[in-house]
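Per our numbering, the very first residue in the sequence shown carries number 64; after that it's consecutive. Note that beta-carbon positions come from the ideal geometry of N, C-alpha and C, so glycine has one too.
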Amino acid sequence: MIGEPIRVLVVEDDPVAADAHVLYVGRVPGFTAVGKAHTGAEARRVLDRTPVDLLLLDLHLPDVHGLHFARSLRAAGHQADVIAVTSARDLAVVREGVSLGVVQYVLKPFTFATLRDRLTRYAEFRAAVGEASGQDEVDRALGALRAPSPAALPKGLSAPTLERVTVALRESAQGLTAAALAETVGISRITARRYLEHLVEAGTAGRSPLYGQVGRPELVYRWGRGR
Numbered sequence: 064m065i066g067e068p069i070r071v072l073v074v075e076d077d078p079v080a081a082d083a084h085v086l087y088v089g090r091v092p093g094f095t096a097v098g099k100a101h102t103g104a105e106a107r108r109v110l111d112r113t114p115v116d117l118l119l120l121d122l123h124l125p126d127v128h129g130l131h132f133a134r135s136l137r138a139a140g141h142q143a144d145v146i147a148v149t150s151a152r153d154l155a156v157v158r159e160g161v162s163l164g165v166v167q168y169v170l171k172p173f174t175f176a177t178l179r180d181r182l183t184r185y186a187e188f189r190a191a192v193g194e195a196s197g198q199d200e201v202d203r204a205l206g207a208l209r210a211p212s213p214a215a216l217p218k219g220l221s222a223p224t225l226e227r228v229t230v231a232l233r234e235s236a237q238g239l240t241a242a243a244l245a246e247t248v249g250i251s252r253i254t255a256r257r258y259l260e261h262l263v264e265a266g267t268a269g270r271s272p273l274y275g276q277v278g279r280p281e282l283v284y285r286w287g288r289g290r
């Protein structure tokens, strides 16, 4: 990718997720993370002093809904595009976001590969300049933003179950073993461990041995990066 990197501001209230998203952005050629913010007010302060091309915007911020924030940015003259990073699945919200510069939606939880695909497609769309020769070229430019199919999880994992696992882990202050998660979510212990290890590999969960019992220590998983 030639030219200046696309400057990205990560706006995410969860510190662990924000750090992961910054790392993800930095791993995609042609993109650079210029900062992160945990609230709308903090994001506005960054935007007022730092050039930003693209926002990775969580829709559920503690001080403002993401779409309200995007609308206020347009009113203030900020032209940065938006990729909404959210667990919201309301299609009415999706339609509203289109008019506010939301060019992509990425549903949580997601992998690096998913975000890399969306960023790469955004870069292709952004690189389309000049006058189109016809309808086909216009369609290709707009089509760059559309993924041909949902990004695949590792074989045997499903998005609905991954969401349930993520919610259970985030809501457990003490963390969960694979056995405890299996009972909570209603899946087998082996399956629970596969989902937990997937979250560890994605950088959004950590694991550590649980001592104080006879035999091999069991692993306890926590939302965050702890070992």
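Beta-carbon spacing of residue i, residue j below 8 angstroms
| i | j | result |
| --- | --- | --- |
| Leu117 | Ala147 | no |
| Val88 | Thr267 | no |
| Ala163 | Arg181 | Contrary to the premise, residue 163 reads as Leu rather than Ala in this sequence. Contact flag unset, no. |
| Leu232 | Leu262 | yes |
| Arg90 | Phe175 | yes |
| Pro68 | Thr102 | no |
| Ala241 | Arg252 | yes |
| Ala81 | Val115 | no |
| Val166 | Tyr185 | yes |
Exposure label - residue i; buried when at least 16 CB within 10 Å
| i | result |
| --- | --- |
| Gln237 | exposed |
| Val136 | The sequence shown places Leu at residue 136, not Val. Burial call: buried. |
| Lys296 | For the chain, the structure presents residues 64 to 290; residue 296 sits outside this window and is missing. |
| Ala138 | exposed |
| Asp126 | exposed |
| Gln124 | Sequence inspection shows Leu at residue 124; the Gln mentioned does not correspond to that position. Result: buried. |
| Ala195 | The pLDDT assigned to Ala195 is 46, lower than 50, so where the model puts this residue is not dependable, and the model offers no usable value. |
| Ala106 | buried |
| Arg270 | buried |
| Ala104 | exposed |
| Trp286 | buried |
| Leu244 | buried |
| Glu234 | exposed |
| Leu122 | buried |
| Leu239 | buried |
CA nearest to the CA of residue i, picked from the options
| i | options | result |
| --- | --- | --- |
| Thr113 | Arg189, Val71 and Leu86 | Val71 |
| Phe132 | Val228, Val74, Thr247 and Ala241 | Val74 |
| His141 | Ala222, Leu110 and Ser150 | Leu110 |
| His128 | Asp76, Arg227, Thr95 and Val230 | Asp76 |
| Gly93 | Arg179, Leu130, Tyr258 and Leu220 | Arg179 |
| Pro217 | Ala245, Arg257, Arg285 and Leu244 | Arg257 |
| Gly66 | Ala190, Arg227 and Ser251 | Ala190 |
| Leu225 | Ser271, Thr183, Phe188 and Leu170 | Leu170 |
| Glu264 | Tyr284, Glu187, Pro280 and Ala186 | Tyr284 |
| Arg220 | Val145, Leu86, Leu130 and Glu260 | A small fix is needed here, since residue 220 is Leu in this sequence, not Arg. For the residues Val145, Leu86, Leu130 and Glu260, the minimum Cα distance to Leu220 belongs to Glu260. |
Beta-ladder partner(s) of residue i, from DSSP
| i | result |
| --- | --- |
| Phe94 | Ile69 |
| His261 | Paired residue(s): none; His261 is not in a bridge. |
| Tyr168 | Ala147 |
| Arg285 | Gly269 |
| His128 | His123 |
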